[in-house]
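Undergrad: In this note's numbering, the protein residues as written are 4 to 452.
1. When the Cα of residue 376 is compared with those of 327, 366 and 423, which residue comes out closest?
2. Please give me, in chain order, every unbroken run of the alpha helix (DSSP H) with length at least 4 that falls completely inside the segment 145-195.
3. Check the DSSP bridge columns for residue 282 and list the partner residues they point to.
4. May I ask which residues mark the beginning and end of the beta strand (DSSP E) holding residue 271?
5. CA-CA distance, residue 309 and residue 35?
6. What residue from 353, 69, 51 and 29 has the CA that sits closest to residue 216's CA?
7. With residue 71 and residue 20 assumed to form a contact (beta carbons below 8 Å), what rounded beta-carbon distance in angstroms separates them?
8. Taking residue 367 as the reference, give the member of 200, 18 and 5 with the closest Cα.
9. So, at 7 Å on beta carbons, what are the nonlocal neighbours of residue 133 in its own chain, with the 5 sequence-adjacent residues on each side left out?
10. What distance in whole Å lies between the Cβ atoms of residue 231 and residue 341, which are believed to be in contact at a cut-off of 8 Å?
11. How about residue 333 and residue 244: are their beta carbons less than 8 Å apart?
12. What is the DSSP secondary structure of residue 132, reduced to helix, strand or coil?
13. Got a sec? Which residues, its chain only, sit under 7 Å from residue 312 by beta carbon, not counting five neighbours each side?
14. Find the nearest neighbour of residue 89 within the set 9, 291 and 156, judged by alpha-carbon distance.
15. Would you tell me roughly how many angstroms separate the C-alpha atoms of residue 364 and residue 399, rounded to the nearest one?
16. Quick check on the burial criterion: 16 or more other C-beta atoms within 10 angstroms. Buried or exposed for residue 163?
17. Indicate the three-state DSSP secondary structure (helix, strand or coil) for residue 18 in the structure shown.
18. Can you look up residue 440 in the DSSP assignment and give me helix, strand or coil?
19. Take the Cβ of residue 252 as the centre, count every other Cβ of all protein chains shown within 10 Å, and call the residue buried at 16 or more, exposed below.
20. Do residue 82 and residue 401 count as a contact pair if the criterion is CB distance below 8 Å?
21. Report, in whole angstroms, the separation of the C-beta atoms of residue 237 and residue 183, which I expect to be a contact under 8 Å.
22. In terms of DSSP beta bridges, what is residue 266 paired with?
23. How far does the beta strand (DSSP E) with residue 388 in it extend, from its first residue to its last?
24. Counting along the chain, where does the beta strand (DSSP E) carrying residue 289 start and finish?
25. Pull the bridge partners of residue 277 from the DSSP assignment, please.
26. Assuming the contact rule is C-beta atoms closer than 8 Å, residue 219 and residue 381 should be a hit. Round their C-beta distance to whole Å, please.
27. With a threshold of 16 other CB atoms inside 10 Å of the CB of residue 28, please say whether the residue is buried or exposed.
28. Are residue 202 and residue 94 closer than 8 Å when you measure CB to CB?
29. Quick one: grab the DSSP three-state call for residue 393.
30. In whole angstroms, what is the alpha-carbon distance linking residue 3 and residue 16?
31. Alpha carbon to alpha carbon, what distance is there between residue 440 and residue 212?
32. I'd like the span of the alpha helix (DSSP H) that includes residue 329, first residue to last.
33. Can you tell me which of 372, 314 and 404 puts its alpha carbon nearest to the alpha carbon of residue 335?
34. Leaving out the 5 sequence neighbours to the left and right, which residues in its chain are closer than 7 Å to residue 406 when beta-carbon positions are compared?
35. Confirm, please, whether the CB-CB distance from residue 194 to residue 33 is below 8 Å.
36. Which residue's Cα is closest to the Cα of residue 228: 343, 370, 175 and 267?
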């Protein structure tokens with residue numbers, strides 16, 4: 004394999020590993036904040052225990068998210084020196100500001116974990132709020148570099164030199180707001196559905212007393228409600244993202260839908276796989292005119308096809324499958340939340356049937372898979388560019404050899420870290436069963452985290 008493929012594989016593996024922990028590190032603090040707010044409002048101690056247990060799990064996840072994020076930052080410099088030269092001169096602001104966002108998150112996380120039983124209820128809420136704010140800000144700032152790659156602004160490359168640099172124009176590039184919204188909304192959705200999966204899994208266990216079942220029932224309802232709200236908001240934001248692709252990266256949208264010929268009233272292809280030989284999407288379900296409407300809110304919107312671009316500019320055609328998987332999972336999660344609402348409100352059933360609980364168990368892993376598919380689509384769909392229409396990936400890659408050895412080494416590290424996370428979480432929560440923590444402390448106003 005050449006250096007470009009190995010470098011992309013190594014960095015892609017690092018990001019695929021890191022994005023799981025980073026996403027949960029953004030999504031779970033919102034759930035902790037909501038549980039804390041519900042506890043302070045209702046004085047229902049179950050919500051205090053939720054906040055405590057979710058915080059313990061978050062601490063373990065952050066213990067992996069932080070070093071894996073550091074590895075990703077180091078790999079950016081080592082594997083993509085050409086790209087980092089541009090970033091250093093044009094787009095360093097997000098990295099600089101992110102340091103402060105991480106400082107806020109770490110500071111208030113420490114206060115909440117170690118001093119929750121010694122501060123007022125208001126200060127507990129303030130602490131969790133800043134943890135959530137810092138985590139979200141970090142995600143937005145780092146993701147802004149990805150937005151810049153797709154819609155570069157604030158500089159020009161003239162005779163191989165970077166000129167006319169405007170850092171704030173680069174920071175507020177055309178896709179900044181839409182990309183920022185998409186990353187935090189999808190993270191909130193994923194965090195909620197992962198916690199819903201855990202609660203549903205616990206409810207399926209037979210040997211539980213009624214108090215424990217009520218606790219998991221409340222956790223499941225809260226998680227499904229939050230997950231449903233943010234899955235809807237993510238879908239709305241996804242529509243804006245598609246329109247952004249139509250405007251700024253038309254070949255990426257064409258590859259996502261397997262569209263080869265430029266046309267108005269373009270159909271939306273659901274499912275199937277893209278066949279380059281026949282220039283069609285085989286076995287797809289087509290919705291007439293839908294793609295044109297999604298791209299421009301009009302059925303006669305002209306959508307450019309892949310044949311309008313040089314073939315060396317085409318993204319890999321398998322991005323159609325990734326795009327469909329991402330959207331399909333998002334729609335499925337939205338339907339699961341709606342099913343939970345219908346069962347609870349319209350049918351007035353207090354408990355969910357086992358078949359529905361099994362579907363909730365699958366929701367968390369599906370949400371994580373959806374995040375992975377979305378990120379792979381976003382990055383692979385930009386190829387062959389590392390900075391769209393300005394720098395190709397092969398121009399940015401390192402010339403250092405022996406990358407295959409590093410690739411094998413880092414994959415081994417990620418496997419060991421994954422095993423360690425599972426073992427630590429299982430060990431802690433088995434040593435601290437929820438039944439023990441539901442016993443109220445002498446002072447019910449405290450929340451020992």
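We put the CB at the ideal spot given by N, CA and C, even for glycine.
Since we're looking at a predicted model, the values are computed, not measured.
TA: The answer reads as follows:
1. 327
2. 170-174
3. Per DSSP, none; premise fails for residue 282.
4. Run containing residue 271: 271-273, per the beta strand (DSSP E) assignment.
5. 45 Å
6. 353
7. With a Cβ gap of about 6 Å, residue 71 and residue 20 count as contacting.
8. 200
9. 107 and 111
10. That belief holds up - the Cβ atoms of residue 341 and residue 231 are roughly 7 Å apart, short of 8 Å.
11. When the beta-carbon positions are compared, residue 333 and residue 244 stay at least 8 Å from each other.
12. helix
13. 254
14. 156
15. 42 Å
16. By the neighbour-count rule (16 or more Cβ atoms within 10 Å), residue 163 is not buried but exposed.
17. helix
18. helix
19. buried
20. The answer is yes: Cβ separation under 8 Å.
21. Contact flag wrong, Cβ pair sits at about 13 Å.
22. 306
23. 388-390
24. 288-290
25. 284
26. About 35 Å; that fails the 8 Å criterion.
27. buried
28. no
29. coil
30. Beyond the ends of the chain as shown, which are 4 and 452, falls residue 3; an answer cannot be given.
31. Those two C-alpha atoms are separated by around 14 Å.
32. For residue 329, the enclosing alpha helix (DSSP H) covers residues 322-344.
33. 372
34. 6, 9, 10 and 13
35. yes
36. Per the Cα distances, 343.
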